[in-house]
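Comments concern the structure below.
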Amino acid sequence: MISIEKVSKTYKGASRAALDSVSIEIEKGDFVFLVGASGSGKSSLLRMMLREDVPSKGSIFVLGENLISIPARKVPYFRRNIGMVFQDFRLLPNKTVFQNVAFCLEVIGKSPAFVAEAVPSVLKLVGLEGKQDRYPNELSGGEQQRVALARAIVNKPQLLLADEPTGNLDPATSQEIVNLLERISAAGTTIVMATHDRGIVDRMQRRVVVLKDGQIVSDDRGVGYEKAEEAR
Amino acid sequence: MKLGYVFGEVGQGLKRNLSMVVSIVLVTFLSLSFVGTAALLQLQIGQMKNYWYDRAQVAVYLCSEFSPAEACPQGAASADVKSSIEAKLQDSTLSPYVDKFYFQDQDQALKQFQEEFKDNTITNYVTADQLNETFWVKLKNPTDGAIITQSFTGVAGVEEVRDQRSYLDQIFSILNAASLAAVGIASVMLFSAILLISTTIRQSAFSRRREIGIMRLVGASNFYIQLPFIIEGVVAAAIGSILAGGTVVAIVQFFVQGYLAQSLPFTNFVSLGTALSLVPIIFGIGVALAAIASIVSIKRYLRA
C-alpha cells in the first residue's frame, strides 16, 4: 500500500533535514499513528504520501504509484484514491454541509445522480443527518471535522491521511472522531494519522511510529504513546 | 465536465473583479483599435501604391523663356533640342526601359494646368508661354526613374527632370510612419493588456484559493481547475476585441467612405469589405493573446 525507503527531504533555506532517511512499510488495512513533537516530520511525511511534495532522496510508492516519477498530469487521478483531513478542517465557508461534500465529487466529474446518492449516505455515516443545509460557521468543531471526514471518504478512498484531526477538539469530541476513524478502518480503508494526542494513542493500542528530528525512532504494534517513546 | 459549474465560476470571477475586467476590456479595445487602424493604413498604402505607381511618369521639362538663367543659359529650348531628346529616348540605351513617351507643348500644358486647378483663381494669371514644354516618359518599371533623371539632367535645353514617384514616395513614407507609430503604440498597449490580464487572473485565483486548494486535494484535474480562469481572461479580452473590430469598421464606414471618399472622389480607398475582413483577425489576436496570458499566469500561480 505504502512503501517508503530512505526518504530524505531538505527544504530550501532550512538548516537541517525535515525528513532524514525515513523507511516505512504500511500494509492495506493498517491503522498507523505518526507521533512526535512539532517539527519532527509528521506533516512532511503525510505531504509526501499525497504527493504534495517530492523527496530530495529515496523512493516512495503509494497505491502502486512511484511518486518520484509520476507525471504531473497523473497526480490528480492518483489523489482521487486518497482522502485527507486536517486540523483546521478546510471547509468552504460559503457552501453548506451538503455542498461542501458534493463539491469534491462535482470537481472530479461525478454525475449529479451519483452526488445526490453518495452525499446523504456519507453524511449519515458520519452522523450529520439533518444538518446538511447548515453552513460551517453554524457547526461545532467536532461537527466541522465530521464534514471534512465525510468529504474525505465520500469517494471511497483506499487510503485516508489525517494530519492532527483532533488538534482543535476537546477530548470527548476527539474520541468521537477517532471512533469514526476506527469504523472507517474496519471497512477496509488504510489510515495514517499524525497526532499529538497521547490519550487517543494509548487507548487505541495500534501501530505507533515515533518521529524525532525527521527520523523514525520507533515503530511498534499494539503499544501506547509512553511505551513507544520509551522503546527508543 | 460540468459546463454549468465552469460558467458559474466564470460569472462569479468576472463579477468579483469587475473593475479589473473593465480595464482589460478597455485596454484590449484601445490597443486592438490601433492594430486595426495600422492594418487599414498599410492596406490603403498598398492600394494607393498600385494605383499611383502605375500612373507615375518621369517629366523632362524643357527650357522656356521664363526659365531661370542658371538652368537654361541658352534660353528657350530649340527644335533641335527637342528632336535630340526624342532620338535619345528611342535609341537602344534607353528604349528597353521606356514603355512609352509623349511630347506636351505649352498649349496642352496650359489645358492640363487649367484642368488640375479648376477652382483656383491662379488659372486667371497663368499663360501658355509661362509653362514648360515637356516630354512625359512612362517607364516599364516605375523604379527605374533614376535612369531617365541621370540621362537628361544638365543636358542643354532641359530645365529639370522630375520623377513623379519621388513625390509619391514622400507621401507613402509619411503614411508608413503613421502606421508604424500606430503599431508601436498598439504593442505597448498590448503588452500592458497582457500584464493586466495576468494580474487579474492571479487576483481571481487568490480570491478562490480555498476552492483551488480543495480541488487539488480531492484530485480535480488541472484542466478543470484552470478552465474557469482562462475563460475569464478570454471573455474580457473578447469583449474588447469585438469593440475594436466595431471601431475599425466604423472608421471605414463613417470616416473613410463617408467623408474621405466624398471629398477625394478620384482616390481608391479601402472598402467596408476589407474592414470587415479585419474583424476576425483582430478578434483572433485579442483572444489568442488573452488565452496565452491567462494560461501562463494560472499555471504559474498553481505551481507556486
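Residue numbers (my numbering), protein chains in the order written: chain W, 1 to 232; chain U, 233 to 536.
In this text, a Cβ means the ideal position worked out from N, Cα and C, and glycines have one as well.
For clarity, every value in this text was computed on a predicted model and none was experimentally measured.
Compute the Euclidean distance between the alpha carbons of ASP339/U and TYR491/U, then round it to the nearest angstrom. Position 107 of the second sequence, counted from the first residue, corresponds to residue 339/U. Position 259 of the second sequence, counted from the first residue, corresponds to residue 491/U. Rounded to the nearest angstrom, the two C-alpha atoms are 36 Å apart.
Using CA coordinates, which residue listed in ASP202/W, GLU106/W, PRO165/W and GLU25/W is at the minimum distance from PHE61/W? Here residue 61/W refers to the residue found at position 61 when the first sequence is read from its first residue. The shortest C-alpha separation from PHE61/W is found at GLU25/W.
Could you list the residues in the segment 21-54 of chain W with a C-beta less than 7 Å from some C-beta on chain U, going in chain order? none
How would you call LEU412/U, buried or exposed, if buried means at least 16 neighbouring beta carbons within 10 angstroms? Indexing the second sequence from 1 puts residue 412/U at position 180. It counts as exposed.
Which partner residues does VAL390/U have in the DSSP bridge list? As a first step, residue 390/U must be located in the second sequence, where it is residue number 158. BP columns for VAL390/U point to LEU294/U.
Rounded to whole angstroms, what's the CA-CA distance from ILE108/W to LYS74/W? Just pull it up for me. On the first sequence, position 108 is the one that residue 108/W refers to. On the first sequence, position 74 is the one that residue 74/W refers to. Rounded to whole angstroms, ILE108/W to LYS74/W spans 13 Å at the Cα level.
Which runs of the beta strand (DSSP E), 3 residues or longer, sit entirely within the segment 35-82 of chain W? 57-62
Cross-chain neighbours of MET84/W in chain U, by beta carbon under 9 Å: For the purposes of this step, residue 84/W is taken as the residue at position 84 of the first sequence. Those within 9 Å of MET84/W in chain U are LEU449 and VAL450.
Cα-Cα separation, TYR533/U to ILE462/U: As a position in the second sequence, residue 533/U is number 301, starting the count at 1. As a position in the second sequence, residue 462/U is number 230, starting the count at 1. The alpha-carbon atoms of TYR533/U and ILE462/U are separated by roughly 13 Å.
Using DSSP with H/G/I as helix, E/B as strand and the rest coil, what is GLU241/U? Taking the first residue of the second sequence as 1, we reach residue 241/U at position 9. Three-state DSSP puts GLU241/U in a helix.
Cβ of SER453/U within 9 Å of any chain W Cβ: For the purposes of this step, residue 453/U is taken as residue 221 along the second sequence, with counting starting at 1. Taking Cβ atoms only, chain W reaches closer than 9 Å to SER453/U, which makes this a yes.
Measuring CA to CA, which of SER44/W, PRO93/W, GLN215/W and LEU67/W is closest to ILE2/W? On the first sequence, position 2 is the one that residue 2/W refers to. Taking only the C-alpha atoms, the option nearest ILE2/W is LEU67/W.
Return no unless some Cβ of chain U is closer than 9 Å to the Cβ of LEU169/W. Against the first sequence, residue 169/W aligns to sequence position 169. LEU169/W does not count as touching chain U.
First and last residue of the uninterrupted alpha helix (DSSP H) at MET204/W: Here residue 204/W is taken as the residue at index 204 of the first sequence, counted from 1. From DSSP, the alpha helix (DSSP H) with MET204/W extends over 198-204.
With THR260/U and VAL480/U assumed to form a contact (beta carbons below 8 Å), what rounded beta-carbon distance in angstroms separates them? The count along the second sequence starts at 1 and reaches residue 260/U at position 28. The count along the second sequence starts at 1 and reaches residue 480/U at position 248. Contact flag wrong, Cβ pair sits at about 14 Å.
What does GLU443/U reach in chain W if we use C-beta pairs closer than 7 Å? Translated into the one-based positions of the second sequence, residue 443/U becomes position 211. Within 7 Å Cβ-Cβ: LEU92.
Taking Cβ-Cβ distances shorter than 8 Å, what residues in chain U pair up with TYR77/W? Counting from one through the first sequence, the residue named residue 77/W turns up at place 77. The contacting residues are GLY451 and SER453.
As assigned by DSSP and simplified to three states, the class of SER218/W: Here residue 218/W is taken as the residue at index 218 of the first sequence, counted from 1. SER218/W falls in the strand class under three-state DSSP.
By the criterion of Cβ-Cβ separation under 8 Å, what are the contact partners of ARG80/W in chain U? Here residue 80/W refers to the residue found at position 80 of the first sequence. The answer, in chain order, is VAL450 and GLY451.
If we cut at 9 Å on Cβ distances, does ALA72/W have a partner in chain U? Counting from 1 along the first sequence, the entry for residue 72/W is found at position 72. Interface residue, yes.
Closest to ASN94/W by CA distance: which of GLN494/U, SER526/U and SER439/U is it? For the purposes of this step, residue 94/W is identified with residue 94 of the first sequence, where counting begins at 1. For the residues GLN494/U, SER526/U and SER439/U, the minimum Cα distance to ASN94/W belongs to SER439/U.
For LEU508/U, list the residues DSSP reports as bridge partners. As a first step, residue 508/U must be located in the second sequence, where it is residue number 276. DSSP, once it has assigned bridges, lists no residue as partnering LEU508/U.
Answer with yes or no whether the minimum CB distance from GLY141/W to chain U is below 9 Å. In the first sequence, the residue the question calls residue 141/W occupies position 141. It does not; no Cβ of chain U falls within 9 Å.
Roughly how many whole angstroms lie between the Cα atoms of SER473/U and THR432/U? Here residue 473/U refers to the residue found at position 241 when the second sequence is read from its first residue. Here residue 432/U refers to the residue found at position 200 when the second sequence is read from its first residue. Their backbone Cα atoms lie some 18 Å apart in a straight line.
Reference VAL125/W, options VAL7/W, ARG146/W, ASN137/W and GLY141/W, closest by Cα: Your numbering for residue 125/W matches position 125 in the first sequence. Checking the sequence shown, residue 125/W turns out to be Leu, not Val. The residue with the shortest Cα to Cα distance from LEU125/W is ARG146/W.
Is ARG207/W helix, strand or coil when you go by DSSP? Position 207 of the first sequence, counting from 1, holds the residue named residue 207/W. Looking at ARG207/W - three-state DSSP - the assignment turns out to be strand.
Flag TYR491/U as yes if its beta-carbon sits less than 9 Å from any beta-carbon of chain W, otherwise no. Your numbering for residue 491/U matches position 259 in the second sequence. Not an interface residue.
Are the Cβ atoms of VAL290/U and ASP401/U separated by less than 9 Å? Counting from one through the second sequence, the residue named residue 290/U turns up at place 58. Counting from one through the second sequence, the residue named residue 401/U turns up at place 169. Cβ distance not < 9 Å, so VAL290/U and ASP401/U don't count as in contact.
Start-to-end residues for the beta strand (DSSP E) that takes in MET193/W: The count along the first sequence starts at 1 and reaches residue 193/W at position 193. Where MET193/W is concerned, the enclosing beta strand (DSSP E) stretches over 190-195.
is_contact[TYR533/U, chain W] using C-beta, thresh 9 Å: The count along the second sequence starts at 1 and reaches residue 533/U at position 301. With 9 Å as the cut-off, TYR533/U does not count as an interface residue toward chain W.
Give the interface partners of PHE61/W over in chain U, defined as CB-CB distance under 8 Å, in chain order. Residue mapping note: residue 61/W aligns to position 61 of the first sequence, counting from 1. The contacting residues do not exist; PHE61/W stays about 18 Å from chain U at best.
From the beta carbon of ILE457/U, is the nearest beta carbon of chain C less than 9 Å away? Of the protein chains in this structure, namely W and U, none is chain C.
Please name the residue or residues paired with LEU19/W in a DSSP beta bridge. As a working mapping, residue 19/W is identified with position 19 in the first sequence. According to DSSP, which records beta bridges pairwise, LEU19/W is partnered with LYS9/W.
Run through chain W and tell me which residues come within less than 9 Å of ILE446/U, C-beta to C-beta. The sequence position of residue 446/U within the second sequence is 214, counting from 1. By Cβ distance, chain W contributes ARG90, LEU91, LEU92, ASN100, PHE103, CYS104, VAL107 and ARG151.
Going by Cα to Cα distance, which pick from PRO328/U, GLN362/U, ILE429/U and GLN244/U is closest to MET252/U? The residue given as residue 252/U occupies position 20 in the second sequence. Minimum Cα distance to MET252/U is reached at ILE429/U.
Quick one: does ASN179/W have its CB under 9 Å from some CB of chain U? Within the first sequence, the letter at position 179 stands for residue 179/W. No, ASN179/W does not count as interfacial toward chain U.
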